[in-house]
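As given, the protein sequences belong to chains W and V, one line each in that order. So that you can map any letter, position 55 of the first sequence is 55 in the working numbering, and since no number is skipped, the others follow by simple counting. One rule links them: number in the working numbering = place in the second sequence (from 1) + 306.
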Amino acid sequence: MALSSRHLLGLQGVPKEDIQTILDTAHTFREILERPIKKVPTLQGKTIVNLFYESSTRTRISFELAEKRLSADSINFSVSGSSVSKGETFKDTIKNIEAMKVDMVVVRHAAAGTPSYLTKISSSNIINAGDGIHEHPTQALLDMYSIRQKLGHLEGLKVCIVGDVAHSRVALSNIFGLKTMGAKVSICGPSTMIPRDIKDLGVDVIYNIDEAIQDNDVLNVLRIQLERKAREYFPSIREYAKYFGITQERLDKNGKDILILHPGPINRGVELSSEVADGSNQIILYQVTNGVAIRMAVLYLLGTLN
Amino acid sequence: MKVVLKNVDVIHPEEKLNLKGVSVLLNDGAISKIGELAKNEIEGAKEFDFSGKILVPGLFDMHVHLREPGREDEETVITGCNSASAGGFTGVACMPNTEPAIDTAEVVKFIKEQASNHLVDVYPVAAASLGRKSEIISPMAELIEAGAVAFSDDGVAIKNSSVLRRAFEYANMFNAPIIEHCEDESLADGSMNEGINSTLLGLPGLPSVAEDIVVSRDILMADYIGGSIHIAHISTKNSVSLVREAKRRGIKVTAEVTPHHFTLTDDALKTYDTNMKMNPPLRTQADVDAIIKGLKDGTIDCIASDHAPHSLEEKESEFQFAPNGIVGFETTVGLTFSELLHKNKLSIEELIKKLSINPRKILNLPIPTFQAGALANFTILDTNLVWTVDISKFKSKSKNSPFDKRLLTGKSLAVINNKKMYADGQWINLSGA
């Protein structure tokens, strides 16, 4: 089944059928990842550029692996060591890459909307691998796939996104995707990290982490970006960990078999205690494995669409 | 040259003139007669038939960026004045955020010199603080003597309240207003209005309160010192209320709004079009409604374009990295008439005050008079002309407009000033008997 768009820019407005198709397709690729020979010829002859204007390890590796497993030719472009440092405009860089005849572009950029801008200046299929604080659709898709695999369904599930929602592209994509799939979404975090108008998206806002644990089936815990401006949004890491960190004690106290997701990398002792990060509720490494399958599915569905 | 403008409706709200289908006779660029003209009076005159059109005091745009000196690749004083003429303006006040800033008499004189032979009168607004850095006030006496008419750090607010106080106190000696770009820098680290749309687009927001805080500070300071404050490009509902309340209390405050702030909302940013990026940012429908109410009840005194040319290569970039601003001269009249006259929000007399009379009053400049013997300073408008904006036809050096291909009703047909006429893309020299 084909998708309704030739790009994946975000999950806002993506129809339920498309998400369903991606998750189902990922499931078939997931099986390939368990084989001794983890490669299929599906995208042989296709050229994919991984355009990373912002540093990333796991997302880039995950895309790269997905591309290799589909037998595509992939090129990595990252800001350091490129013409960007020589003052070339973004548009000129894109035009140059495109002149070498590429089919798909996977883009990560610090400026929101850049994937959308790319669709106007390029004829390739564009896949958003994270744009500023806007969207990170493949992360949300792999989160949804992981939840669906563990709990059997998404419809009617109660999912709470915990942490710095205001500066998270993972949060927004999860909100759009999960709501489309019929889940009930809430967010929990310090009020300085919750966008003022977020309730207009049809999500509940909770400021108490214990309530969030009690009321939900799933917690998707965001990374507190210690290296970014996020540090200005709460008084101290200690205070954050004390009032919003997930500890085993908190999970035990609220007596629930809750599923815990985290997009990584984890700040141990901040948003998750080490005990929780390695404990029985979390599915963090399972998400990472599923990430490759989800990216294979997206590349396959867009790459074979014409 | 002898010129007759035939069958035109003459409107001058300040002189209480409203004449239907009269003729205007000019000699050597000055008014010799307005009314019925006998055959012998128009003998040998070049005739223009303006049946059904209106003739008003030349329009004045009090907030424009001419980019010279510094960014001559984007606009020069001359190309900016050409664009102003095409848009219907005979006078402009240009902002000091040039490179170098307009903070010395030399730069003021340079700009005046560049414009000296043009139809359009150019009045520099000088920097309020040296280099617009909000540290030391600019040499205002010297700047006024060279031809500056007001002071502003436009592009940013005067950040330091103590410098603001000194600027008010010092500018008061010359009866010159302080024009403020009201924005609290510490709250303004964003690239569009903060709200549901900025959340959806993942763009950092510029909250409306960043404007409101500085508007209130400036009003309070103007009240305390007794100076005149002019609020540039007002964009929020609360700022409109603050100005209304301040006027009621008798504080010397005036305000302007741009056409884009009463025409568009932040819904227009959904495609990340960098031509929709400006500062202040496009706000919400509630703000637009408050602005139109403020225009109607006199809270907002005038309409100014905030003409801000930018090069294509700078605008063609990732949204967050693109510069703020749009070109405005050639769409201001069309947008104003489409949105305010034809939607029955304001009358033609009210609009002429906002586009011609009030800006000159705020800057203490003479209002063009229609008395015989006076130099003709006119704009001739067709309020009903339906036309499509085409950026490739702009006289401005830059083309960064969000209104390309937009259908507008109302356009300037001709301007006359300084013994020159601009009509149908032609320059006509009116000097000589």
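Cβ coordinates follow ideal geometry from the N, Cα and C atoms, glycine included.
Contact list for E619(V) against chain W, beta-carbon separation under 7 Å: Here residue 619(V) refers to the residue found at position 313 of the second sequence. Listed along the chain, the chain W residues whose CB falls inside 7 Å of the CB of E619(V) are T89.
6 Å CB neighbourhood of F366(V) in its chain, flanking five on each side removed: As a position in the second sequence, residue 366(V) is number 60, starting the count at 1. G397, S662, P665 and R666.
Any chain V beta carbon closer than 7 Å to D197(W): Within the first sequence, residue 197(W) is the residue found at index 197, counting from 1. For D197(W), the answer is yes, since a Cβ of chain V falls inside 7 Å of its Cβ.
Contact residues within the region 120–140 of chain W, judged by C-beta distance below 9 Å to chain V: Shown in chain order are the members of the region 120–140 of chain W whose Cβ falls below 9 Å from a Cβ of chain V: K120, I121, D131, G132, I133, H134 and E135.
Cβ separation of V314(V) and K359(V), assumed to be a contact under 8 Å, to the nearest whole Å: Position 8 of the second sequence, counted from the first residue, corresponds to residue 314(V). Position 53 of the second sequence, counted from the first residue, corresponds to residue 359(V). Taking the Cβ atoms as the reference, V314(V) lies roughly 6 Å from K359(V), within the contact range of under 8 Å.
Reference A411(V), options S444(V), L736(V), G634(V) and E321(V), closest by Cα: Within the second sequence, numbered from 1, the residue matching residue 411(V) stands at position 105. Ranked by Cα distance from A411(V), the first of S444(V), L736(V), G634(V) and E321(V) is S444(V).
Cutoff 7 Å: A26(W) Cβ touching any chain V Cβ: Looking up residue 26(W) in the first sequence gives position 26. Not a single CB atom of chain V sits nearer than 7 Å to the CB of A26(W).
Beta carbon proximity, G264(W) to chain V, threshold 7 Å: One-based indexing of the first sequence puts residue 264(W) at position 264. Chain V contact via Cβ: absent.
Proximity below 7 Å, CB of V170(W) to CB of I187(W): To locate residue 170(W), count along the first sequence from 1; it is residue 170. To locate residue 187(W), count along the first sequence from 1; it is residue 187. Cβ atoms of V170(W) and I187(W): not closer than 7 Å.
Residues within the region 495–522 of chain V neighbouring chain W, beta-carbon criterion of under 9 Å: Result list: D495, S497, E500, G501, I502, N503, S504, T505, L506, L507, G508, L509, P510, G511 and P513.
E98(W) vs S122(W) beta-carbon contact at 7 Å: Taking the first residue of the first sequence as position 1, residue 98(W) is located at position 98. Taking the first residue of the first sequence as position 1, residue 122(W) is located at position 122. Taking 7 Å as the Cβ cut-off, E98(W) and S122(W) qualify as a contacting pair.
Nonlocal neighbours in the same chain, by C-beta distance under 7 Å from I126(W), ignoring five residues either side: Reading the first sequence from its first residue, position 126 is the one you call residue 126(W). Taken in chain order, the residues that qualify are H7, L9, V105, V107, P115, L118 and T119.
For D572(V) and K326(V), the rounded distance between their alpha carbons: Within the second sequence, residue 326(V) is the residue found at index 20, counting from 1. Within the second sequence, residue 572(V) is the residue found at index 266, counting from 1. About 41 Å.
Alpha-carbon spacing of W304(V) relative to M727(V), whole angstroms: Here chain V comprises residues numbered 307 to 739, so residue 304(V) is not present and cannot be evaluated.
Identity of the residues DSSP links to Q282(W) by a beta bridge: Along the first sequence, read from residue 1 onward, the residue named residue 282(W) stands at position 282. Partner(s): I260(W).
A561(V) - partner residues in DSSP beta bridges: Residue mapping note: residue 561(V) aligns to position 255 of the second sequence, counting from 1. For A561(V), which the question treats as bridged, DSSP gives the partners I537(V).
Contact under 7 Å by Cβ, N706(V) with I632(V): Residue mapping note: residue 706(V) aligns to position 400 of the second sequence, counting from 1. Residue mapping note: residue 632(V) aligns to position 326 of the second sequence, counting from 1. Judged by beta-carbon spacing, I632(V) lies within the 7 Å limit of N706(V), meaning their Cβ atoms are closer than that value.
Stretch pair the region 276–293 of chain W + the region 245–261 of chain W: three plus CB contacts closer than 8 Å: Using a C-beta cut-off of 8 Å, the region 276–293 of chain W makes contact with the region 245–261 of chain W, since at least three inter-stretch Cβ pairs fall below that distance.
Cβ neighbours of Y300(W) in the same chain (closer than 8 Å, five flanking residues each side left out): In the first sequence, residue 300(W) corresponds to position 300, counting from 1. These residues qualify, in order along the chain: T25, F29, T42, L43 and L70.
Beta bridge counterpart(s) of C387(V) as assigned by DSSP: If you number the second sequence from 1, residue 387(V) lands on position 81. Note: C387(V) sits in no beta bridge, so no partner.
Three or more C-beta pairs below 8 Å linking the region 608–616 of chain V and the region 552–564 of chain V: The count of Cβ pairs closer than 8 Å, one atom from the region 608–616 of chain V and one from the region 552–564 of chain V, reaches three, so the stretches are in contact.
Cβ neighbours of F676(V) in the same chain (closer than 8 Å, five flanking residues each side left out): In the second sequence, counting from the first residue as 1, residue 676(V) sits at position 370. Result list for F676(V): V316, H318, E321, L323, I337, I340 and P363, in chain order.
From W693(V), L361(V) and T637(V), residue whose alpha carbon lies closest to that of S329(V): As a working mapping, residue 329(V) is identified with position 23 in the second sequence. Ranking the options by Cα distance to S329(V), first place goes to L361(V).
Beta bridge counterpart(s) of D352(V) as assigned by DSSP: Position 46 of the second sequence, counted from the first residue, corresponds to residue 352(V). Correcting the residue type first, residue 352(V) is Lys in the shown sequence and not Asp. In the DSSP output, where bridge partners are listed per residue, K352(V) has V309(V).
Chain V contact for T114(W) (CB, 7 Å cutoff): Residue numbering aside, residue 114(W) sits at position 114 when the first sequence is read from its first letter. In terms of beta-carbon proximity, T114(W) lines the interface with chain V, with at least one pair separated by less than 7 Å.
Contact between the region 543–556 of chain V and the region 238–249 of chain W (3+ Cβ pairs under 8 Å): Segments in contact, no.
E380(V) - containing alpha helix (DSSP H), residue span: Walking along the second sequence from the start, residue 380(V) turns up at place 74. For E380(V), there is no enclosing alpha helix (DSSP H), as DSSP gives it neither H nor E.
For D696(V) and G81(W), the rounded distance between their alpha carbons: Start at 1 with the first residue of the first sequence, and residue 81(W) comes out as number 81. Start at 1 with the first residue of the second sequence, and residue 696(V) comes out as number 390. Caution applies to G81(W), whose pLDDT of 47 falls short of 50 and renders its modelled position unreliable; the value that the coordinates give is listed next. Here the alpha carbons of D696(V) and G81(W) stand approximately 41 Å from one another.
Cutoff 7 Å: Y578(V) Cβ touching any chain W Cβ: By one-based count along the second sequence, residue 578(V) stands at place 272. Yes, Y578(V) counts as interfacial toward chain W.
Start-to-end residues for the alpha helix (DSSP H) that takes in I749(V): Residue 749(V) lies beyond the residue range present for chain V, which begins at 307 and ends at 739; the question has no answer from this structure.
N96(W) (DSSP reduced to helix, strand or coil): To locate residue 96(W), count along the first sequence from 1; it is residue 96. For N96(W), the three-state secondary structure derived from DSSP is helix.
Distance between beta carbons of V414(V) and L372(V), contact taken as under 8 Å: Position 66 of the second sequence, counted from the first residue, corresponds to residue 372(V). Position 108 of the second sequence, counted from the first residue, corresponds to residue 414(V). With a contact defined as Cβ atoms closer than 8 Å, L372(V) and V414(V) miss out at about 13 Å.
Closer than 7 Å to chain W by CB, E491(V): In the second sequence, counting from the first residue as 1, residue 491(V) sits at position 185. So no, E491(V) is outside the interface.
Range covered by the beta strand (DSSP E) that runs through Q732(V): Counting from one through the second sequence, the residue named residue 732(V) turns up at place 426. Per DSSP, Q732(V) belongs to the beta strand (DSSP E) from Q732 to N735.
Other residues of its chain near K465(V): CB distance less than 7 Å, five sequence neighbours each side excluded: Taking the first residue of the second sequence as position 1, residue 465(V) is located at position 159. S440 and E491.
Minimum C-alpha distance to M446(V) - residue among M479(V), R471(V), V462(V) and K703(V): Taking the second sequence and counting its residues from 1, one reaches residue 446(V) at position 140. Here the closest residue by C-alpha is M479(V).
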